[in-house]
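Numbering (the working numbering), first residue to last: 1 to 570.
Quick reminder that beta carbons are idealized off the backbone N, C-alpha and C, glycines included.
Here the structure is a predicted model, which is why all the values come from computation and not from measurement.
This report concerns only the one structure given below.
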Amino acid sequence: MQKTGKLELTWVGKYEEKELETRILIEDKSKSYGDPDSGNMLIHGDNLIALKALEQDFAGKIKCIYIDPPYNTGSRINSDGTDVGYDDGLEHSEWLHMMKPQLEILSRLLADEGSIWIQIDDEEQAYLKVLCDEIFGRQNFVNMISVNMKNIAGASGGGEDKRLKKNCEYILIYAKNYEAMPLFKGAYDYTELSELIQNYIDNGISWKYTSVLVNDGEKEFVGNALDGDGNDIRVFRRKNPVIKSIRQVAQLDEITEQEAYRKYGTRIFRTTNAQSSIRTRIIAARRELNLTDSILSIEYIPKTGKNKGQVYEQFYKDDICNLFVWLKDTSEEIDGVLYKKMLQGTYWDFNAHMKNLTKEGSVVFARGKKPEALVHRIFKMTTSEDDIVLDSFLGSGTTAAVAQKIGRRWIGIELGDHAYTHCNARLDKVIDGEQGGISKAIGWEGGGGYKFYELAPSLLEKHSELPIYKVNKFYTYEMLCEAICKLEGFKYIPQGEMHGRSSETRFIHIAKDLVSAAYVMNLLKDIGEKDSVLICGTRIQSGLRLPDNVIVKKIPKDLLDKCVFESEVR
1 MQKTGKLELT WVGKYEEKEL ETRILIEDKS KSYGDPDSGN MLIHGDNLIA LKALEQDFAG
61 KIKCIYIDPP YNTGSRINSD GTDVGYDDGL EHSEWLHMMK PQLEILSRLL ADEGSIWIQI
121 DDEEQAYLKV LCDEIFGRQN FVNMISVNMK NIAGASGGGE DKRLKKNCEY ILIYAKNYEA
181 MPLFKGAYDY TELSELIQNY IDNGISWKYT SVLVNDGEKE FVGNALDGDG NDIRVFRRKN
241 PVIKSIRQVA QLDEITEQEA YRKYGTRIFR TTNAQSSIRT RIIAARRELN LTDSILSIEY
301 IPKTGKNKGQ VYEQFYKDDI CNLFVWLKDT SEEIDGVLYK KMLQGTYWDF NAHMKNLTKE
361 GSVVFARGKK PEALVHRIFK MTTSEDDIVL DSFLGSGTTA AVAQKIGRRW IGIELGDHAY
421 THCNARLDKV IDGEQGGISK AIGWEGGGGY KFYELAPSLL EKHSELPIYK VNKFYTYEML
481 CEAICKLEGF KYIPQGEMHG RSSETRFIHI AKDLVSAAYV MNLLKDIGEK DSVLICGTRI
541 QSGLRLPDNV IVKKIPKDLL DKCVFESEVR
């Protein structure tokens, strides 16, 4: 065990890390489906090695990562006796050893403003939190959400056991850079307004949104106050404003109160004695400017919050400057009906979505499938159309299905046969317009596409008789060129005699023939005087004298110190 002198989570084998081989991905066109230019990727292969294969092209580009890794419950068997289909019973240190390198690569894949959401249960949640603090930085921890996934009556655990029954799972949220991460677009529950008001009445709760600013009056500038940074807050008096109750406007218009809420929804408000520095400054300005008007309004530019950087207007009432809180800020009209939007906190109830979960996607995944509505909420909060999302434990394909339906580009990785039997099959149906999950709610009609990739085997393999490595016979020359480009840190861009580049002036060439002095000089005709080239070949002339701008490497000898060449690590 290495001693580092810092507070950290340790386990046997934590520092026994191997440098992973950067593999290439091979498209299986027989399994790709729909629009080939969509940019979406379904990858079959080891999760960790596949992530490493993506790093060169996607580092810093993924807006949101959602993963639902094995919970390490200690069982491969479902309640119905079927096999889970993945290893969910690793020894504790093995589970941590599996997760650490994957999280490290995922961190590098995230965009600076991106976030990662990791769903887990209480078997490993506490350890995962500490591990994520190490990798992402404790300062980038955002929230832990408790998600109700089951009714207590049917929850697992309990019974004759000493433990309470489980009905919640947890989602850990980390930012790549908390300061750069934008505000989440709200996760809301919607309740029809008339139903909500009736619930308030039935439970003896006062419903406060009962005032209507029928006319906001003539606006007259009266002076400035200053915010905490010394910036202007413009203050206006409102001459002859008209305020009525919702009951009064309903009577005057000869409509029901429900119709009045719909008609005047954008002008309905309640007041509150908000505990804010802005309000304190407006109270002081009211005294200093000797204002007696019942209604004042202000304009200023907030430094934080959803109105950051733009001119924002607020209304205040009476001498104590009670702030107007608008119903429109917490409600939304959908198909002509007004709904109250209730911003969710860190408890999300998705039990109702679990009842018909087995039918979603038309694939059976007895344990572990997550509802499309849950992933949809996360992506709507964190991403916009054409942003890239990623799931490296794709399972039954839920993450990719949701991303496809809401116009996000996606990358999904699945180790087992589920890549074929679940993900491949499900996504083909999604592209054809299947109507499960969130499809009807968002009006999904199909479209798009993806490419299906297999993870290439290791570039080098051990000789069957001699203690040496050789190039894997699976590789064609073109595959060899792409693989060596990746290993050496070059972008594979075949052009002329060059196979890739790492900058405007740095090139790589992979030779088929003997690399001799004549070969090198002939190759230099393809590049400029200030350019340099790395030449890789299986046969190199001995005693070769090279110009300063040329480096030659022998394959496979000079690749062996790059990484560990082996089959899938798990």
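- Task: Would you mind working out which of Tyr127, Asp558 and Thr398 sits nearest Trp410, comparing C-alpha positions?
- Result: Numbered from its first residue, the sequence shown carries residue 410 at position 410. Answer by Cα proximity: Thr398.
- Query: Can the beta-carbon of Tyr347 be found closer than 8 Å to that of Ile43?
  - Reply: Translated into the one-based positions of the sequence shown, residue 347 becomes position 347. Translated into the one-based positions of the sequence shown, residue 43 becomes position 43. No, they are not a contact pair.
- In angstroms, rounded to a whole number, what distance separates the CA positions of Glu259 and Ser245? By 1-based counting over the sequence shown, the position of residue 259 is 259. By 1-based counting over the sequence shown, the position of residue 245 is 245. So the alpha carbons of these two residues sit roughly 14 Å apart.
- Task: Report the residue from Asn203, Leu544, Gly537 and Lys208 whose alpha carbon sits nearest the alpha carbon of Ala518.
- Result: Here residue 518 refers to the residue found at position 518 when the sequence shown is read from its first residue. Residue Leu544 is the option with its Cα nearest to Ala518.
- Taking buried to mean at least 16 other C-beta atoms within 10 Å of its own C-beta, is Glu414 buried or exposed? In the sequence shown, residue 414 corresponds to position 414, counting from 1. So Glu414 counts as buried.
- Enclosing alpha helix (DSSP H) for Arg247 [first to last residue]: Stepping through the sequence shown from its first residue, residue 247 is reached at position 247. Taken as a continuous stretch (DSSP letters only), the alpha helix (DSSP H) holding Arg247 covers Ile246 to Asp253.
- Task: Output the distance between the C-alpha atoms of Asn224 and Thr271, rounded to the nearest integer angstrom.
- Result: Within the sequence shown, residue 224 is the residue found at index 224, counting from 1. Within the sequence shown, residue 271 is the residue found at index 271, counting from 1. If I take the Cα positions, the gap works out to 23 Å.
- State buried or exposed for Ile438, treating a residue as buried only when at least 16 other CB atoms are found within 10 Å of its CB. Translated into the one-based positions of the sequence shown, residue 438 becomes position 438. Its Cβ being crowded by 16 or more others within 10 Å, Ile438 is buried.
- Query: Can at least three beta-carbon pairs, one atom from the stretch 289-300 and one from the stretch 314-327, be found at a separation below 8 Å?
  - Reply: yes
- Consult DSSP for Lys14 and reduce its assignment to one of helix, strand or coil. Counting from one through the sequence shown, the residue named residue 14 turns up at place 14. In the structure shown, Lys14 sits in coil (DSSP, three-state: anything other than H, G, I, E or B).
- Message: Nearest by alpha-carbon distance to Leu110: which of Gln119, Asn140, Met98 and Arg377 is it?
- Response: The residue you call residue 110 lines up with position 110 of the sequence shown. Residue Asn140 is the option with its Cα nearest to Leu110.
- Query: Going straight from the alpha carbon of Val564 to that of Thr383, what length do you get?
  - Reply: Numbered from 1 along the sequence shown, position 564 holds the residue referred to as residue 564. Numbered from 1 along the sequence shown, position 383 holds the residue referred to as residue 383. Between Val564 and Thr383, the C-alpha separation is close to 36 Å.
- Message: Using DSSP's beta-bridge definition, name the partner residues of Cys168.
- Response: Counting from one through the sequence shown, the residue named residue 168 turns up at place 168. DSSP, once it has assigned bridges, lists Asn148 as partnering Cys168.
- Could you tell me which of Arg281, His353, Glu104 and Met144 sits nearest to Asp122, measuring between CA atoms? One-based indexing of the sequence shown puts residue 122 at position 122. Among Arg281, His353, Glu104 and Met144, the Cα nearest to that of Asp122 is on Met144.
- 7 Å Cβ shell around Ala155 - same chain, five flanking residues per side excluded: Taking the first residue of the sequence shown as 1, we reach residue 155 at position 155. At Ala155 the pLDDT is 47, less than 50, meaning the model places this residue with poor confidence; the figure from the coordinates comes in the next sentence. Cβ neighbours of Ala155 beyond the five flanking positions: Lys165, Lys166 and Asn167.
- By Cβ distance, which residues of its chain are closer than 6 Å to Lys176, with the 5 residues on each side in sequence left out? The sequence position of residue 176 within the sequence shown is 176, counting from 1. Once the five neighbours on either side are set aside, the close Cβ partners of Lys176 are Leu110, Asp112 and Gly114.
- Item | C-alpha gap between Ala419 and Tyr312, whole angstroms | Locating residue 419 in the sequence shown gives position 419, where the first residue counts as 1. Locating residue 312 in the sequence shown gives position 312, where the first residue counts as 1. Taking the straight line joining both Cα atoms gives about 50 Å.
- Query: Going along the chain, which unbroken runs of the alpha helix (DSSP H) with 4 or more residues stay wholly within the stretch 366-441?
  - Reply: 372-382, 398-405 and 425-431
- Hey, is Lys328's beta-carbon within less than 8 Å of any beta-carbon in chain D? Absent from the structure: chain D. Only one protein chain is present.
- Task: Can you tell me the Cβ-Cβ gap for Ile118 and Ile67, rounded? I've got them flagged as a contact below 8 Å.
- Result: Here residue 118 refers to the residue found at position 118 when the sequence shown is read from its first residue. Here residue 67 refers to the residue found at position 67 when the sequence shown is read from its first residue. Confirmed, Cβ separation roughly 5 Å.
- the stretch 484-497 in contact with the stretch 7-24 per 3-pair CB rule at 8 Å: yes
- Query: Relative to the alpha-carbon of Ala373, which residue among Gly361, Phe393, Val402 and Ser396 has its alpha-carbon at the smallest distance?
  - Reply: Indexing the sequence shown from 1 puts residue 373 at position 373. Of the candidates Gly361, Phe393, Val402 and Ser396, the one whose C-alpha sits nearest the C-alpha of Ala373 is Val402.
- Take His97 as the anchor and find which of Gln310, Leu131, Met354 and Phe236 has the nearest alpha-carbon. Taking the sequence shown and counting its residues from 1, one reaches residue 97 at position 97. Nearest option by C-alpha distance: Leu131.
- Message: I'd like to know whether the C-beta atoms of Arg247 and Leu338 end up nearer to each other than 8 Å.
- Response: In the sequence shown, residue 247 corresponds to position 247, counting from 1. In the sequence shown, residue 338 corresponds to position 338, counting from 1. Not a contact, by the Cβ cut-off of 8 Å.
- Within the same chain, show all residues whose beta-carbon is closer than 7 Å to that of Glu566, passing over the 5 residues directly before and after it, in chain order. For this step, residue 566 is matched to residue 566 along the sequence shown. So the qualifying residues of the chain are Ser458.
- Query: Between Gly204 and Asn290, what straight-line distance do the alpha-carbon atoms span, to the nearest angstrom?
  - Reply: Counted from its first residue, the sequence shown places residue 204 at position 204. Counted from its first residue, the sequence shown places residue 290 at position 290. Looking at the two C-alpha atoms, the distance is approximately 41 Å.
- Query: Looking only at C-alpha atoms, which of Leu226, Lys14, Ala187 and Asp216 sits nearest to Pro101?
  - Reply: Within the sequence shown, the letter at position 101 stands for residue 101. Looking at the Cα atoms, Lys14 is the closest of the given residues.
- Taking only the alpha-carbon atoms, compute the straight-line gap between Gly158 and Lys341 and give it to the nearest angstrom. Taking the first residue of the sequence shown as position 1, residue 158 is located at position 158. Taking the first residue of the sequence shown as position 1, residue 341 is located at position 341. Only weak support exists for where Gly158 lies, its pLDDT of 48 falling under 50; the coordinates are left without a value.
- Task: Would you check if the stretch 179-197 and the stretch 213-223 touch, i.e. whether three or more CB-CB distances between them fall below 8 Å?
- Result: no
- Query: Expressed to the nearest angstrom, what Euclidean distance is found between the alpha-carbon atoms of Lys208 and Leu106?
  - Reply: By one-based count along the sequence shown, residue 208 stands at place 208. By one-based count along the sequence shown, residue 106 stands at place 106. Taking the straight line joining both Cα atoms gives about 46 Å.
- Query: Would the beta-carbon of Gly436 fall within 8 Å of that of Glu360?
  - Reply: To locate residue 436, count along the sequence shown from 1; it is residue 436. To locate residue 360, count along the sequence shown from 1; it is residue 360. Contact: yes.
- Item | Phe393 to Cys423 span [Cα, whole Å] | Start at 1 with the first residue of the sequence shown, and residue 393 comes out as number 393. Start at 1 with the first residue of the sequence shown, and residue 423 comes out as number 423. Whole-angstrom Cα-Cα distance: 11 Å.
- Task: Identify, in the order they occur along the chain, each residue of the same chain with its Cβ nearer than 7 Å to the Cβ of Phe136, setting aside the five sequence neighbours on each side.
- Result: Residue 136 sits at position 136 when you count from the first residue of the sequence shown. Within the same chain, Phe136 has close Cβ partners Ser107 and Tyr174.
- Alpha carbon to alpha carbon, how far is Val569 from Met99? Sequence index remark: in the sequence shown, residue 569 carries index 569 (1-based). Sequence index remark: in the sequence shown, residue 99 carries index 99 (1-based). At Val569 the pLDDT is 44, less than 50, meaning the model places this residue with poor confidence; the figure from the coordinates comes in the next sentence. Between Val569 and Met99, the C-alpha separation is close to 13 Å.
- Message: Report the CB separation of Gln344 from Ala187 in whole angstroms; it is logged as a contact under 8 Å.
- Response: Taking the first residue of the sequence shown as position 1, residue 344 is located at position 344. Taking the first residue of the sequence shown as position 1, residue 187 is located at position 187. Rounded, the Cβ-Cβ distance is 4 Å, consistent with contact.
- Can you round the beta-carbon distance between Glu134 and Glu16 to whole angstroms, since I take them to be within the 8 Å contact cut? As a working note, residue 134 is residue 134 in the sequence shown. As a working note, residue 16 is residue 16 in the sequence shown. Glu134 to Glu16, Cβ: 17 Å. No contact.
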